[in-house]
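Beneath this line is the structure, given in structure tokens, with notes to follow.
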Ligand code: SAH
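In the numbering used here, the protein residues as written are -4 to 250.
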């Protein structure tokens, strides 16, 4: 799949594309990321990409015309009209379900806003999906684009150990349970802390059951909305329901 990123800050991308487990996906072109510096598509000596908002008010607005030229160049290079994804606090919340959907697609254009945002006419004309990272305001769309690329790249075949992302939080609708590693007994000044014995038992059935129960317990405590959604989607077995029914009622989580 291919992503063409329209950005005023292309230099923010390189370290993220060349580090960690996702590096292979980016370097092999499994997730082919091409950067289009918007300044290259600006007009005049000043290479203007932004201007003051009509009607007054603070800040600057990204101009439609340089964006149009950049998009035309991407389209000519791809030989097709790809989906155009933009980032905005008002967009659709980024969830693992949306990541999975995009990871199964052909990619598209990622449009990174800056300043007060992008001239609405360009958004109305071209943007097919607006994505939000959450209810807070960042200074640009580059971090959201990197977050999306990272989440998509780790789902590509061969990036993680087989099936490891299938156990991740949200992929089956629940939070993942806790993880432990060596030493079996961690000696601290406050005493020795063992790992849960079932994990050392070598009994795969028991371990799977224990992990499922920890995922249910953690989700019920921290994110009861996920339990409700999993139930609605028919993802809870009779055994899951028996386990949940036997859990002590947790007091509401403080913010
Ligand atoms: N004036 C805008 C915020 C502009 S912030 C408003 O009040 O809605 C500049 C750019 O950062 C935006 O165009 C967008 O691309 C990006 N951005 C900021 N917060 C974001 C968020 N929560 N999710 C996704 N993108 C965000």
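The C-beta atom is built at its ideal place from N, Cα and C for all residues, glycine as well.
Residue i: CB within 7 angstroms of a non-hydrogen atom of the ligand SAH
i           : result
residue 253 : Residue 253 is absent from the model: the chain starts at -4 and stops at 250.
residue 82  : yes
residue 61  : no
residue 107 : yes
residue 139 : yes
residue 143 : no
residue 150 : no
residue 85  : yes
residue 132 : yes
residue 103 : no
residue 93  : no
residue 129 : yes
residue 110 : yes
Status (buried if at least 16 other CB within 10 Å, exposed otherwise) for residue i
i           : result
residue 201 : exposed
residue 199 : exposed
residue 6   : exposed
residue 149 : buried
residue -1  : buried
residue 146 : buried
residue 234 : exposed
residue 139 : buried
residue 222 : buried
residue 242 : exposed
Rounded Cβ spacing between residue i and residue j (contact assumed at less than 8 angstroms)
i           : j           : result
residue 64  : residue 36  : 4 angstroms
residue 28  : residue 144 : 6 angstroms
residue 59  : residue 31  : Actually they are not in contact, since the Cβ atoms of residue 59 and residue 31 sit about 16 angstroms apart, beyond 8 angstroms.
residue 205 : residue 193 : 5 angstroms
Inter-stretch contact (C-beta, 8 angstroms, three-pair minimum) for the segment 126 to 135 and the segment 46 to 63: no
The segment 127 to 142 / the segment 159 to 167 touching (three or more Cβ pairs under 8 angstroms): no
Cβ pair count under 8 angstroms reaching 3, the segment 104 to 113 against the segment 162 to 182: no
Contact the segment 11 to 23 vs the segment 140 to 155: 3+ CB pairs below 8 angstroms: yes
Given 8 angstroms, three or more beta-carbon pairs between the segment 96 to 103 and the segment 65 to 78: yes
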